[in-house]
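59 is the number of the first residue of the sequence shown in my numbering; add one for each residue after it.
First the structure, in the form of structure tokens, and then the observations on it.
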Amino acid sequence: MAGPAFTARLRRRATLARAVRLLAEFRHEQSDPDRFYGALAADTVALVTDLWTGLRGAPPTGATLLDVGGGPGYFATAFTAAGVRYVGVEPDPAEMHAAGPGPRPGGTAAFVRASGMALPFADDSVDICLSSNVAEHVPRPWQLGAEMLRVTRPGGLVVLSYTVWLGPFGGHEMGLTHYLGGARAAARYTRRHGHPPKNNYGSSLFAVSAAAGLDWAAHTGALVAAFPRYHPRWAWWLTSVPGLREFTVSNLVLVLRPGSTD
Numbered sequence: 059m060a061g062p063a064f065t066a067r068l069r070r071r072a073t074l075a076r077a078v079r080l081l082a083e084f085r086h087e088q089s090d091p092d093r094f095y096g097a098l099a100a101d102t103v104a105l106v107t108d109l110w111t112g113l114r115g116a117p118p119t120g121a122t123l124l125d126v127g128g129g130p131g132y133f134a135t136a137f138t139a140a141g142v143r144y145v146g147v148e149p150d151p152a153e154m155h156a157a158g159p160g161p162r163p164g165g166t167a168a169f170v171r172a173s174g175m176a177l178p179f180a181d182d183s184v185d186i187c188l189s190s191n192v193a194e195h196v197p198r199p200w201q202l203g204a205e206m207l208r209v210t211r212p213g214g215l216v217v218l219s220y221t222v223w224l225g226p227f228g229g230h231e232m233g234l235t236h237y238l239g240g241a242r243a244a245a246r247y248t249r250r251h252g253h254p255p256k257n258n259y260g261s262s263l264f265a266v267s268a269a270a271g272l273d274w275a276a277h278t279g280a281l282v283a284a285f286p287r288y289h290p291r292w293a294w295w296l297t298s299v300p301g302l303r304e305f306t307v308s309n310l311v312l313v314l315r316p317g318s319t320d
């Protein structure tokens with residue numbers, strides 16, 4: 059499922075060159091996080107801008123975006139530079155602002171310490187709600203998704219992107235050992251490095267499937283598109299193939315639009 063014509067801008071940008079470039083940046087996640095997360099933030103702004111422009115006919119300048127699990131501030135810098143009013147939600151104070159304040163010339167930014175599964179915001183209070191690579195780190199990912207829908211205004215945009223467990227990056231820093239089983243992979247990592255992984259299976263990393271996300275999203279009645287986040291457009295069809303998508307769609311994007319009253 060790739061969605062209707064509003065994804066046309068995104069499709070044009072979803073090239074093999076982009077996929078290769080992002081994969082190359084991934085190698086620097088541990089050694090040079092500024093480089094990796096800066097590139098990821100820029101690509102995420104482009105993703106949201108493409109989707110919003112496809113729906114509204116104009117970029118999201120002046121829109122209020124709630125970033126669930128916004129992390130250390132790279133996304134805040136990128137979105138505010140694009141003129142978006144940014145609100146980041148992060149439960150871990152050690153993660154918040156780890157990237158430093160950064161230049162934010164185009165918009166405003168605020169940060170709230172809270173859980174994505176119980177957002178401290180009113181119903182219908184934001185234009186865009188984003189969650190990038192967070193759902194696999196919470197024990198109830200679809201409760202997080204329901205909260206995102208709740209706080210987003212009718213006709214707004216919800217973008218929920220997460221790492222699929224059986225994909226090649228499902229184990230995060232544990233590498234491909236997650237195919238041995240999550241608990242076994244975590245124990246192996248601990249023996250090798252002398253400490254448990256940051257993304258520890260069963261406590262801060264969970265096995266979330268593509269099928270579960272698609273099923274949840276379909277039942278909300280708000281799903282308008284689903285596609286692999288980092289794949290070129292000619293590989294988007296993989297999302298529609300049960301079984302195969304669990305291993306080949308490394309990161310699934312669910313795009314939802316709460317019912318509009320317009």
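From the three backbone atoms N, C-alpha and C, an ideal C-beta is built for every residue, glycine too.
Quick caveat: nothing in here was measured; it's all calculated off a predicted structure.
Keeping to the same chain, check which residues put their C-beta closer than 8 Å to that of residue i; ignore five residues upstream and five downstream.
i	result
Y247	E231, M232, T235, P254 and P255
V266	A193, E194, P199, Y220, T221, V222 and W223
P161	Legend: pLDDT at P161 = 47, less than 50; position of this residue unreliable, value from coordinates given subsequently. T135 and A139, listed in sequence order.
L207	C187, V216, T278, A280, L314 and P316
A77	Y288, H289 and P290
R211	D182, S183, V184, D185 and P316
Just list the residues that DSSP pairs residue i with in beta bridges.
i	result
V145	L124 and A168
P286	L310
Y220	L310
L113	None, per the DSSP bridge assignment.
V78	BP columns for V78 are empty, so no partner.
V184	T210
Y259	L263
S189	L218
L281	L314
Candidates the options: which alpha carbon is nearest residue i's?
i	options	result
A284	T102, G127, P212 and V217	V217
P30	A269, A268 and W110	Residue 30 is absent from the model: the chain starts at 59 and stops at 320.
L68	V307, A136 and W292	W292
Y144	G131, L123 and V282	L123
F133	A82, R249, P91 and G252	P91
V196	D182, F227 and P149	P149
A82	Y288, G120 and E304	Y288
G228	R70, L207, F264 and W274	F264
D185	G131, G120, R303 and L238	G120
D108	R93, A66, F94 and G239	A66
A269	G239, G301, G279 and A172	G301
G96	A77, P130, G115 and R70	P130
P226	R76, F84 and P62	F84
E304	Y237, R249, A99 and H251	Y237
A116	H251, V142 and D125	V142
Contact check, residue i vs residue j under 8 Å by CB: the rounded distance?
i	j	result
F64	L113	5 Å
T221	S308	7 Å
L11	V147	The structure shown has nothing for residue 11, since the chain only spans 59 to 320.
A245	N258	No, A245 and N258 are not in contact; Cβ-Cβ is about 10 Å, not under 8 Å.
G127	G174	6 Å
P286	L310	7 Å
C187	V170	With 8 Å as the limit, C187 and V170 do not qualify as a contact, their Cβ atoms being about 13 Å apart.
L74	D101	Their Cβ separation, rounded to whole angstroms, is 15 Å, which puts L74 and D101 out of contact at 8 Å.
G260	G240	7 Å
Could you check whether the Cβ of residue i sits closer than 8 Å to any Cβ belonging to chain D?
i	result
D125	The structure shown contains no chain D, having only a single protein chain.
Excluding the 5 residues preceding and the 5 following residue i in the sequence, name in chain order all residues of the same chain whose CB lies nearer than 6 Å to its CB.
i	result
A168	V145
T306	L296
S262	H195
A72	P290 and R291
A157	Residue confidence is low: A157 scores 45 on pLDDT, short of 50, so the model does not pin down where it sits. No coordinate-derived value is stated.
D181	R208
P159	Residue confidence is low: P159 scores 48 on pLDDT, short of 50, so the model does not pin down where it sits. No coordinate-derived value is stated.
D125	F133, G146 and L188
P62	none
A99	Y132, F133 and A136
What does a CB cutoff of less than 7 Å around residue i pick up in its chain, not counting 5 residues either side in sequence?
i	result
V103	A136, F137 and A140
L281	A275, L312 and L314
A172	V147, P149 and P178
L272	A284
R70	none
Any 3 or more C-beta pairs closer than 8 Å across the stretch 197 to 212 and the stretch 309 to 319: With a cut-off of 8 Å, the stretch 309 to 319 and the stretch 197 to 212 count as touching, because enough Cβ pairs lie within range.
At least three beta-carbon pairs within less than 8 Å, the stretch 179 to 197 to the stretch 295 to 307: As far as the Cβ criterion goes, the stretch 179 to 197 does not touch the stretch 295 to 307, which means the pair count is below three.
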